[in-house]
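Structure first, then comments.
Protein chains in written order, with UniProt numbering: chain A, 1 to 112; chain U, 1 to 225.
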């Protein structure tokens, strides 16, 4: 029986990987980035279908079963960190883009 | 004294020619007047028509937002060593006859920044805009500590001192509020002058909506972090 979370993770993985593959084919994305997404989403799907693996891994590493709740908590912290990094980058790019467009406008007018 | 009039414009082909042409050629205490249109990546004939009307046109190759257009205009005026810079909306809602009133406190060295307020004579202003403006005035007070009757007015004037000190960071409509934070920060003298507002079908369709308040608050929080 397939649970909702398994179906949705498989669907999202398919979506991300196919988009990444398209970007890679068109030269918009490096091979290493495509491989990263395949591995990352492959892992997500694997864990969604076999959640027992999480307990096996943590048990092997720490010697105790920590449960899915804690795993989700850690994942959430990680996701917030990624969002923060993306926000910082996009903000910097936006500021630089603004500066660039302004410099072009001022340079063009000074030439006239 | 040299005066630059900065008009940020985005897809304003309907009004820009008329607005630029209506700028007075002579003003008391002013020896030179130059109109500067900052075309913020328009897809229509805004730049072409502004040039035809006699304005100097600075063109953003992409649309960045009204705040960025202001910054480009102010930077240009600063580089060209203008003594006073007035900003006006390009949609024709401001009366060029008010320019004389707006620059007067600066020419007389009584203020560093002058805000043209529509709220002392708001008859023509739609009720929804009055309400939106009041909300934005409260937000401006929270962020800057300055109470103003028209925080979103685009009709303003700055002297050389204000131009050299003010360094806005935002690129959208929130620049209107951010300017008050800069006024407070540098302890600039500011005054409000009542202005006439001309609401036409075109100018009503322009400007910002109340829904934009959420964006403005978010961007102001980002700026202050």
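Ideal placement from N, C-alpha and C gives every residue a C-beta, glycine not left out.
Item	Value
Boundaries of the alpha helix (DSSP H) in which residue 192(U) is found, first to last residue	No alpha helix (DSSP H) contains residue 192(U), which is instead part of the beta strand (DSSP E) from 190-194.
Any C-beta of chain A under 7 Å from that of residue 72(U)	yes
Run of the alpha helix (DSSP H) containing residue 105(U), from where it starts to where it stops	99-107
Straight-line Cα distance separating residue 118(U) from residue 55(U)	26 Å
Where residue 89(U) falls, given that 16 or more other Cβ within 10 Å makes a residue buried	buried
contact_flag[the region 90-98 of chain A, the region 11-31 of chain U] where n(CB pairs < 8 Å) is 3 or more	no
Span of the beta strand (DSSP E) around residue 142(U)	Residue 142(U) -> not in any beta strand (DSSP E); alpha helix (DSSP H) instead, spanning 127-144.
Per-residue DSSP class, three states only, for residue 8(U)	strand
Residue 112(U), enclosing alpha helix (DSSP H) - first and last residue	Residue 112(U) -> no alpha helix (DSSP H), and no H or E assigned at all.
Distance, residue 102(U) Cα to residue 120(U) Cα	14 Å
Residue 105(A) vs residue 35(U) beta-carbon contact at 7 Å	no
Per DSSP, the bridge partner or partners of residue 156(U)	87(U) and 115(U)
For residue 172(U) and residue 83(A), the rounded distance between their alpha carbons	23 Å
Bounding residues of the beta strand (DSSP E) (the contiguous stretch that carries residue 32(U))	32-40
Assigned exposure category for residue 147(U) - 16 Cβ within 10 Å defines buried	exposed
Span of the alpha helix (DSSP H) around residue 51(U)	46-52
Classification of residue 92(A) by the beta-carbon crowding that lies within 10 angstroms, buried from 16 upward	exposed
Inter-residue Cα distance where the pair is residue 86(U) and residue 3(U)	7 Å
Any C-beta of chain A under 7 Å from that of residue 51(U)	no
Residue 80(A) versus residue 72(A): straight-line alpha-carbon distance, rounded	12 Å
Start-end ranges of the alpha helix (DSSP H) lying completely within the region 34-89 of chain A, minimum 4 residues	52-62
CA-to-CA distance, residue 74(U) to residue 61(U), given in whole angstroms	18 Å
Straight-line Cα distance separating residue 41(U) from residue 10(U)	7 Å
Host alpha helix (DSSP H) of residue 20(U) (start-end)	16-21
Cβ-based neighbour list, residue 1(U), same chain, cut-off 7 Å, excluding 5 preceding and 5 following	29, 30, 31, 83, 84 and 107
Closest Cα partner of residue 198(U) within the set 152(U), 170(U) and 95(U)	95(U)
Anticipated Cβ contact below 8 Å, residue 67(U) with residue 170(U), distance rounded	5 Å
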